[in-house]
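Scroll down for the structure; my scribbles are underneath it.
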Amino acid sequence: MQVKLNVVVGAVALMLSGAAMSQDLVVKIGHVGPTSGAIAHLGKDNELGARMAITELNAKGVMIGGKKAKFELLAEDDAGDPKQGTAAAQKLVDSKVNGVVGHLNSGTSIPASKVYSDAGIPQISPSATNPKFTRNGYKTTFRVVADDVHLGGTLGKYAVKELKGQSIAVIDDRTAYGQGVADEFEKGKVVGREFTTDKATDFTAILTNLKAKKPDVVFFGGMDAVAGPMLRQMKQLGIEAKFVGGDGICSGELPKLAAGTMGDGQVVCAEAGGVEGESKKTSDAFKAKFKEAYKVEVQIYAPYVYDAVNVLVAAMVKAGSAEPAKYLPVLAKTEGYKGVTGTISFDNKGDIKNGALTMYTYKGGEKSQIAVVR
Numbered sequence: 001m002q003v004k005l006n007v008v009v010g011a012v013a014l015m016l017s018g019a020a021m022s023q024d025l026v027v028k029i030g031h032v033g034p035t036s037g038a039i040a041h042l043g044k045d046n047e048l049g050a051r052m053a054i055t056e057l058n059a060k061g062v063m064i065g066g067k068k069a070k071f072e073l074l075a076e077d078d079a080g081d082p083k084q085g086t087a088a089a090q091k092l093v094d095s096k097v098n099g100v101v102g103h104l105n106s107g108t109s110i111p112a113s114k115v116y117s118d119a120g121i122p123q124i125s126p127s128a129t130n131p132k133f134t135r136n137g138y139k140t141t142f143r144v145v146a147d148d149v150h151l152g153g154t155l156g157k158y159a160v161k162e163l164k165g166q167s168i169a170v171i172d173d174r175t176a177y178g179q180g181v182a183d184e185f186e187k188g189k190v191v192g193r194e195f196t197t198d199k200a201t202d203f204t205a206i207l208t209n210l211k212a213k214k215p216d217v218v219f220f221g222g223m224d225a226v227a228g229p230m231l232r233q234m235k236q237l238g239i240e241a242k243f244v245g246g247d248g249i250c251s252g253e254l255p256k257l258a259a260g261t262m263g264d265g266q267v268v269c270a271e272a273g274g275v276e277g278e279s280k281k282t283s284d285a286f287k288a289k290f291k292e293a294y295k296v297e298v299q300i301y302a303p304y305v306y307d308a309v310n311v312l313v314a315a316m317v318k319a320g321s322a323e324p325a326k327y328l329p330v331l332a333k334t335e336g337y338k339g340v341t342g343t344i345s346f347d348n349k350g351d352i353k354n355g356a357l358t359m360y361t362y363k364g365g366e367k368s369q370i371a372v373v374r
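In my numbering, the protein residues as written are 1 to 374.
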């Protein structure tokens, strides 16, 4: 009789635990980045930042509205292509995600933002810097980095004041990001402007045109996959100018892509974001933890993705709901969130307030921080 009773009690306990598990709240977080193509190393870096955040959140046992949340990552590849970006966005909407972190590029983030807006799903980009991204009046659109007005303008001032640039040449890749940051940079003194594409590998013609103008600074608006070969060809043509660019070139891969042709201190780049003092310890700890988990160094944006996921979830917790319509107003009022990339607060457009920039150069093939600028 006792054995039968134990079996019944055990069965009831299993049923109850199963019922409790079925009451867990499943929260789907979408992530989109170019995990194929020329900048796949940056897209994968972003995706790993999202995976780290999701893994940690599940380990913590986060409660939302009295239910234990189980977080799932739905990762999509947009290959840095606007059409593929909107298709990926629609796929996430159809999968009924609770929020999205992405996309990496401005050129994919901007068209995708309409898809998310129409569906009422919050989107935080960790890296789209074109000002237009948050200027369409969508209530669902946010970013955790400073925009190109800040990035290009600051780099322009730095090129003139610190690098003593007298004759500056500007090249951009015609993407929303590259052209946007170059346009802001060009508000300084420019002797020549040339254009390429984000798929190009031969820059001999445009560099030969610029060489005749004897530039002492060459600014490139684009990504590291194009900047590396461009630096190699500058060396071959004997152009000894300083090479300046935004966060798109500011990666750990750039020295490899330039195949050893970069001189120490020749390249100056800026990343949107920046930490100083106590915050630097938090940032360094994240990078060490990331390397331990994935056996690779952080490229650029993984910490911003990690923060973006956590900011979404913090708003859900505060609102007591993972439903987009319920936590979106709370997300919009995010103020003073302490992340690994610094303090995050949003203004009424969804832009980060008081966004910092970090200036870097390269020495001995390694990134070296120059200063944090606000």
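Cβ atoms here follow ideal geometry from the backbone N, Cα and C, with glycine treated the same way.
Which of helix, strand or coil DSSP assigns to residue i
{"i": "residue 103", "result": "coil"}
{"i": "residue 180", "result": "helix"}
{"i": "residue 236", "result": "helix"}
{"i": "residue 128", "result": "coil"}
{"i": "residue 22", "result": "Residue confidence for residue 22 is low, a pLDDT of 47 falling below 50, so the modelled location carries little weight; the figure read from the coordinates is stated next. DSSP places residue 22 in helix when its eight states are reduced to three."}
{"i": "residue 143", "result": "strand"}
{"i": "residue 370", "result": "strand"}
{"i": "residue 347", "result": "coil"}
{"i": "residue 134", "result": "helix"}
{"i": "residue 296", "result": "coil"}
{"i": "residue 51", "result": "helix"}
{"i": "residue 62", "result": "coil"}
{"i": "residue 249", "result": "coil"}
{"i": "residue 311", "result": "helix"}
Which listed residue (the options) has its alpha carbon closest to that of residue i
{"i": "residue 261", "options": "233, 275, 191, 279", "result": "233"}
{"i": "residue 104", "options": "86, 343, 95", "result": "86"}
{"i": "residue 351", "options": "143, 279, 112, 359", "result": "143"}
{"i": "residue 122", "options": "259, 356, 49, 29", "result": "29"}
{"i": "residue 74", "options": "83, 64, 54", "result": "54"}
{"i": "residue 331", "options": "312, 356, 342, 344", "result": "312"}
{"i": "residue 48", "options": "324, 160, 278, 305", "result": "305"}
{"i": "residue 383", "options": "317, 336, 236, 117", "result": "What the structure shows of the chain is the stretch from 1 to 374, and residue 383 is not part of that stretch, so it cannot be assessed."}
{"i": "residue 118", "options": "130, 136, 132", "result": "136"}
{"i": "residue 95", "options": "158, 46, 132, 31", "result": "31"}
Integer Cβ distance of residue i from residue j, believed to fall under 8 Å
{"i": "residue 328", "j": "residue 139", "result": "7 Å"}
{"i": "residue 268", "j": "residue 163", "result": "7 Å"}
{"i": "residue 50", "j": "residue 309", "result": "6 Å"}
{"i": "residue 363", "j": "residue 265", "result": "7 Å"}
{"i": "residue 76", "j": "residue 59", "result": "Wrong, their Cβ atoms sit about 24 Å apart, outside the cutoff."}
Spatial distance of residue i from residue j (CA atoms)
{"i": "residue 98", "j": "residue 141", "result": "14 Å"}
{"i": "residue 272", "j": "residue 340", "result": "14 Å"}
{"i": "residue 92", "j": "residue 321", "result": "19 Å"}
{"i": "residue 66", "j": "residue 24", "result": "10 Å"}
{"i": "residue 184", "j": "residue 64", "result": "42 Å"}
{"i": "residue 359", "j": "residue 210", "result": "25 Å"}
{"i": "residue 284", "j": "residue 213", "result": "42 Å"}
{"i": "residue 374", "j": "residue 146", "result": "10 Å"}
{"i": "residue 336", "j": "residue 348", "result": "15 Å"}
{"i": "residue 207", "j": "residue 251", "result": "23 Å"}
{"i": "residue 178", "j": "residue 258", "result": "19 Å"}
{"i": "residue 84", "j": "residue 33", "result": "10 Å"}
{"i": "residue 158", "j": "residue 372", "result": "12 Å"}
Near the ligand NAP: residue i beta-carbon under 8 Å from a heavy atom
{"i": "residue 174", "result": "Of the ligands one can find in the structure shown there are none, so the ligand NAP has no counterpart to examine."}
Under 9 Å between C-beta atoms of residue i and residue j
{"i": "residue 78", "j": "residue 61", "result": "no"}
{"i": "residue 226", "j": "residue 148", "result": "no"}
{"i": "residue 189", "j": "residue 218", "result": "no"}
{"i": "residue 334", "j": "residue 346", "result": "yes"}
{"i": "residue 290", "j": "residue 297", "result": "yes"}
{"i": "residue 282", "j": "residue 353", "result": "no"}
{"i": "residue 237", "j": "residue 204", "result": "yes"}
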